[in-house]
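Number of protein chains: 4
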Amino acid sequence: MSSNPLSPLPGQAGFKPSRPIKVGVLGATGAVGQRFVQLLEGHPWFTVTALGGSERSVGKKYAQAANWRLSANVPAYARDITLVEGKPGPDWDCEIIFTSLPGEMAGPVEEEFAAAGYKIFSNSKNHRMDADVPLLVPEINPEHSAVLEVQKKNRGWTEKGGFIVTNPNCTTIHLVLALKPLQDAFGLKKVMVTSLQSLSGAGYPGVPSLDIVDNVFPYIGGEEEKVEIEPLKIMGGLEAGRFVDSDFVVSATCTRVAVREAHTESVSVQLGREASLEEVAAALADWEAEPQRLGLPTAPARPVLLRAELDRPQPFLDREGEGAMATTVGRLRRCPILDYKFILTGHNTIRGAAGASILNAELLTAQGWIK
Amino acid sequence: MSSNPLSPLPGQAGFKPSRPIKVGVLGATGAVGQRFVQLLEGHPWFTVTALGGSERSVGKKYAQAANWRLSANVPAYARDITLVEGKPGPDWDCEIIFTSLPGEMAGPVEEEFAAAGYKIFSNSKNHRMDADVPLLVPEINPEHSAVLEVQKKNRGWTEKGGFIVTNPNCTTIHLVLALKPLQDAFGLKKVMVTSLQSLSGAGYPGVPSLDIVDNVFPYIGGEEEKVEIEPLKIMGGLEAGRFVDSDFVVSATCTRVAVREAHTESVSVQLGREASLEEVAAALADWEAEPQRLGLPTAPARPVLLRAELDRPQPFLDREGEGAMATTVGRLRRCPILDYKFILTGHNTIRGAAGASILNAELLTAQGWIK
Amino acid sequence: MSSNPLSPLPGQAGFKPSRPIKVGVLGATGAVGQRFVQLLEGHPWFTVTALGGSERSVGKKYAQAANWRLSANVPAYARDITLVEGKPGPDWDCEIIFTSLPGEMAGPVEEEFAAAGYKIFSNSKNHRMDADVPLLVPEINPEHSAVLEVQKKNRGWTEKGGFIVTNPNCTTIHLVLALKPLQDAFGLKKVMVTSLQSLSGAGYPGVPSLDIVDNVFPYIGGEEEKVEIEPLKIMGGLEAGRFVDSDFVVSATCTRVAVREAHTESVSVQLGREASLEEVAAALADWEAEPQRLGLPTAPARPVLLRAELDRPQPFLDREGEGAMATTVGRLRRCPILDYKFILTGHNTIRGAAGASILNAELLTAQGWIK
Amino acid sequence: MSSNPLSPLPGQAGFKPSRPIKVGVLGATGAVGQRFVQLLEGHPWFTVTALGGSERSVGKKYAQAANWRLSANVPAYARDITLVEGKPGPDWDCEIIFTSLPGEMAGPVEEEFAAAGYKIFSNSKNHRMDADVPLLVPEINPEHSAVLEVQKKNRGWTEKGGFIVTNPNCTTIHLVLALKPLQDAFGLKKVMVTSLQSLSGAGYPGVPSLDIVDNVFPYIGGEEEKVEIEPLKIMGGLEAGRFVDSDFVVSATCTRVAVREAHTESVSVQLGREASLEEVAAALADWEAEPQRLGLPTAPARPVLLRAELDRPQPFLDREGEGAMATTVGRLRRCPILDYKFILTGHNTIRGAAGASILNAELLTAQGWIK
């Protein structure tokens, strides 16, 4: 990292911050919190300096407090970090905070930290639909970060410089990654989706085993609403500081199946104009976007991997593709009712949650919002 | 069973055959064959007199030859039946034959038996779409049996009286059971369906465990085509001895999940006219049809069970409903793209296969086609 | 039911109570409680008159309060029973109470009811090892009920006639059913067992799905201790009102696997004397005991089913054997370290819990303890 | 890689071959074959030059012929390798051949290649128990490679220099890794083991899903015999060119559970002398052996990972430990019948198969047997 005058500037391909950026994680012991801790190990830009735990775990070492369930061991760097309370103050010696807090408490806590000057990258649903909060997917709406000026002004956070950026629901993220290149190329009118979601999406302890072994669970509270609404904001515009929803329609049915990681989605779309199967395939397979242009550390080389095999995608085989940051699409074919249909699979706690937040933080760093 | 002059006649509610009817099973050791053997135990009308096995198993006792996988033990009545070859002859001392033969061999074998005078009730795909073969679901198109006159004439089977009746693919059956009352009440234009199908649908050994544990398998060969085509014949008309397809459109995506029994289907429908949620619910819940009117032994009291709970239907909980002969529908709600959407679950090797054939045989018996 | 002077008397084969006996269930909404409600439907001797729920559910109809997870629907007889509080009083209009209460609260509640004159048949661990409480398996130690005289006297319950009878842990029950005929025939010195236990053994919500899909969970709190201790009491004697432990040794390792119902146990035994494989097989297969002699309604025709197939027992195939009240043993063969080894499987919430309690109540009824 | 006179010599810590060694894989499209292809990607010593396929696949590119099931894609280096026939000749331009051939054909094919001068590292059972073939686990019996002189002489392979080295059955490997440090420290008399084996151990298609979803499969053909016999050879001596079995006794029961990768084993041991729990724990945790001393590329830093948590080991969490080359042991405690008991878990297709063969090849390279 250097200040060499020839180094790329913010917004230019290859930009790197000139010094390590300190980051913290709120809700670090939870399922998504563990993914943050895992993905931030050895991150080239970010250095973890604070981990927040629940009241019960404050003061304990992370390795003791987290019921670590991702692999054999907590990453070495995090083992002995002492968990701190979820309140702004000297314990939180960092600029960026990644959050994954449960339920309704997330909203006010995030606001409190943003008001204190922290840059919040949130997985929680609370602020996603706020009129001055970007619901960001770097491949899709990187320019939505501009609303942060409105946000800071609205909320009196300008002086201290804090803000809140959110990422969408895990099912939404993978859906919009497949939809965006189609919208760009052909326009988009209707999207019918049935999801077969994984167990990790419900956290831990989450889904009782008796609900899912030899079973399908046909309902996930609030999920269908999110999948029907969030894409319209993400794939819509930002005009004069106001979000303008895109005008396609989504109909979603969300179910849970006995898969540990990666959601699968059966999708049918009606496009804005006629397009051949080859055109649709090319639009998906060739798509590159801002994170790829900028070369963000966590960006997949290709956001959408299109597979031709009849038996793909499969969550077990395809979830790790491109560092678990891509969406794999397969079985692309004509739909007798809408225009085309396909199946997609994507990792829900990496690209669908912790990795999404980290990529957002990388984008905003590369856009010059951090320092 | 009596010939009391006051007994109901064929076609009348409560009709019973005046004597036991002898039946056989072709393919009795297979997955669906085992269901036939199980369901025919103690059947009030039918008595099993012949079981056919593969070349390898002919001459063995059924209990030795069948790798029985439905419960602890082969039903006592069938244990010591000696498996016979799949060729018409004195070994097949019966009127009705239920068939569940693999692949392409099924078609010619069934024809050979029908030509020899046997009444064939087939689970195989081979003859389903033939112009003179009924694709029968007793609740839906009991009148399609009339085509058998054409069939017998066409094929020169009139004298000996044999015929072939088929039942649909397992995914189709449960779908049409939910669609028919809607079509009757409101008309039907479009049907979008994503299935989450069970392992037993692929027979034994069927799906390798490494393809399904912690996974979804996104493709089932030939299945989507069947689900898109069969409903149009079943729910269409029979005019002057010719089938006239119904004119709605089905778009199907079929996947496999780690469930032992019962397919789950996420369905969206466009109706022929406006209808309120209450009307749609009532059409489904109140539906009764010919097997219920006739009181056929295997008929469910209600072919469609509508559940109001948010977390239903579930294949584990709902597959046994009404003797595993009903389709359970839940999560009925408006669809933002078509009109209504819902999830259904139904037992695929009983209502979706062996039970379907037996109900067809009961219907034809009650209609007077057997004797 | 009659008082015909020729009817069998208590203790005689074929005895039946002369009138229906009223029973209640404490903890009726839980996993084992639901099994009680299911198994008591249409019971020939017992009639359910009271169901107890948690504080939160008292006053609600059973069908509303129970998150019923055994099949599509709550049995019709129980749907509209109003849940009552777990305190003795007029709401509990019954003689017998089956209990399945969680954790430490079970003990005092059971005592309170027994003190009030109720006959308690308990699934809870609290009183199992009490010196004056029978830990009863009707095939094994029916004579242990005699300790109830001591119990009633010790605890001052003689006048009102209440008592507590317990049944063992689910893993213990199936183990002792396989051990007892061996002990009787050959003596028994050592038992090494590794269990592969089902999910239902942990109740609902119980085991988180992320702990068991694509996994084995290697620890079940307190289970190994129970399996090592309980058999010694059950298979020991009762001398002059005092239990004398049997003197064999059990070493247990208990694990959890992704099976819904039925525990599997890998067992090696050292016998008290030389015995041929044929002798051991005959001892297991031919065993009949007191419940079979008495013809108790819930008793299996054979308590142990011995299978010769190499690939048996399997929990999926064998759990329903004999009304889910038998233990299936297979793979019987020599052990190079102890004498013989085998694998057993048995239903853990029927024979291992609710069915065990009901069989105990039937035994005590037939022994004349009720009335 | 250099011939610097200061470089470690064969047998010395840090030895590296002075040039890349060409290797091939026989049976490269199978389940274990795919692991070979995966693990050899980027191997510091070995370069893949030949992949052998079945008759059906000879002449096809590896990526087309292998039904790759380990991750999204075949490693890039192997995609375009053309599969060759399993016969010695110019297609096999390599010194070492790793084999994973099915069934009885493996033996003669391996001999044919060895006779032609190839160094064979075999996963197959055929030659494991031959009197002149080492059954090698580098941590345990590295000195057994000396028998190769006998082998070459016996079989007339001396001139061309070919030989056969085998590795044990996957269940055996993890068992002996846990037993060896105990044998070394305390002596070993008896070992009782019940395994809960994974699906990948049966290859692909392998275990039918209907045999394992909601089930345990209680039998694995030939497995128990291997687990009872192989350890005696591996942990025995080699005296004057003859193997002398160790004299402890193993009793094994092998079952299959719904786990994708990693076998779990419940083990009880009787030691040769008294030892405290602390001594036993230390013997396991502190164990280092020859591959660790030599610094072989694929060697785990520690062959046995001892965990203190009550809920470990778990196959899902622990299978990847130390590059999937370690055995994780937990729940170490006294056994009331033998001396100590514990549970172990280890990756069956890496440490238990392909990784084991590669480590054997590294050992023999470091011992100077290759060139």
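Residue numbers (the numbering used here), protein chains in the order written: chain A, 1 to 371; chain B, 1001 to 1371; chain C, 2001 to 2371; chain D, 3001 to 3371. A virtual CB, placed ideally from N, CA and C, is assigned to each residue, including glycine. Because the structure is a prediction, the values reported are computed rather than measured.
query	result
Residues in the region 1178 to 1192 of chain B having any Cβ partner in chain A nearer than 7 Å	1190 and 1192
Cβ contact check for the region 330 to 342 of chain A and the region 1241 to 1255 of chain B: 3 or more pairs under 8 Å	yes
Neighbour list for residue 2208/C in chain A, Cβ cutoff strictly below 8 Å	204, 205, 206, 207, 208 and 209
Boundaries (first-last residue) of the alpha helix (DSSP H) holding residue 3240/D	Neither: residue 3240/D is in no alpha helix (DSSP H) and is coded neither H nor E.
Same chain, Cβ closer than 6 Å to residue 2361/C, five either side skipped, listed in chain order	2096 and 2121
Short Cβ contact (8 Å threshold) for residue 263/A with residue 171/A	yes
Partners in chain D for residue 1317/B, counting only beta-carbon separations shorter than 8 Å	Here the premise fails: no neighbours, minimum Cβ distance about 14 Å.
Spatial neighbours of residue 1003/B in its chain, beta-carbon cut-off 7 Å, leaving aside the 5 residues before and after	With a pLDDT of 49 at residue 1003/B, under the threshold of 50, the modelled position of this residue cannot be trusted; read the value that follows with caution. Answer for residue 1003/B: 1018, listed in chain order.
CB contact check: residue 1236/B to chain A, cutoff 8 Å	no
Buried or exposed by the 16-neighbour rule on C-beta atoms within 10 Å, applied to residue 357/A	buried
Proximity test, Cβ basis, 8 Å: residue 2215/C and chain D	yes
8 Å Cβ cut-off: residues of chain A touching residue 3069/D	317
Three-state class that DSSP yields for residue 1159/B in the structure shown	coil
Run of the beta strand (DSSP E) containing residue 2298/C, from where it starts to where it stops	Where residue 2298/C is concerned, there is no enclosing beta strand (DSSP E), given that its DSSP letter is neither H nor E.
Contact list for residue 2384/C against chain D, beta-carbon separation under 8 Å	Residue coverage of chain C in this structure runs from 2001 to 2371, which leaves residue 2384/C outside it and unanswerable.
Contacts of residue 1321/B in chain C (Cβ-Cβ under 9 Å)	2071, 2072 and 2073
Cβ-based burial, residue 244/A [other Cβ within 10 Å; buried from 16]	exposed
Selection from 1008/B, 1280/B, 1107/B and 1346/B that minimises the alpha carbon distance to residue 1265/B	1346/B
Other residues of its chain near residue 3211/D: CB distance less than 7 Å, five sequence neighbours each side excluded	3217
Exposure of residue 2001/C, with buried meaning 16 or more beta-carbon neighbours within 10 Å	Model confidence at residue 2001/C stands at a pLDDT of 41, short of 50, so the residue's coordinates are unreliable and nothing is read from them.
Residues within the region 1331 to 1365 of chain B neighbouring chain A, beta-carbon criterion of under 7 Å	1331, 1335, 1336, 1337, 1341 and 1343
With 16 other Cβ atoms within 10 Å as the buried cut-off, status of residue 2132/C	buried
Residue 2146/C versus residue 2241/C: straight-line alpha-carbon distance, rounded	7 Å
C-beta neighbour in chain C for residue 258/A, strict 8 Å	yes
Own chain, CB closer than 6 Å to residue 1228/B, minus 5 neighbours either side, in chain order	1250 and 1252
For residue 1281/B, the first and last residue of its enclosing alpha helix (DSSP H)	1277 to 1285
Run of the beta strand (DSSP E) containing residue 365/A, from where it starts to where it stops	Where residue 365/A is concerned, there is no enclosing beta strand (DSSP E), although the alpha helix (DSSP H) it sits in stretches over 355 to 366.
Boundaries of the beta strand (DSSP E) in which residue 1267/B is found, first to last residue	1263 to 1271
Cβ contact (3+ pairs, closer than 8 Å) linking the region 282 to 294 of chain A and the region 3036 to 3044 of chain D	no
Beta-carbon proximity list for residue 1057/B, same chain, < 7 Å, skipping 5 on both sides	1029, 1065 and 1083
Own chain, CB closer than 8 Å to residue 2235/C, minus 5 neighbours either side, in chain order	2140, 2141, 2176, 2179, 2180, 2183, 2188, 2246 and 2248
Per-residue burial, residue 6/A [other beta carbons within 10 Å of its own, 16 or more giving buried]	exposed
N- and C-terminal bounds of the beta strand (DSSP E) containing residue 2197/C	2188 to 2197
Nearest-angstrom Cβ-Cβ length linking residue 1343/B and residue 1330/B, presumed shorter than 8 Å	6 Å
Any C-beta of chain D under 8 Å from that of residue 1100/B	no
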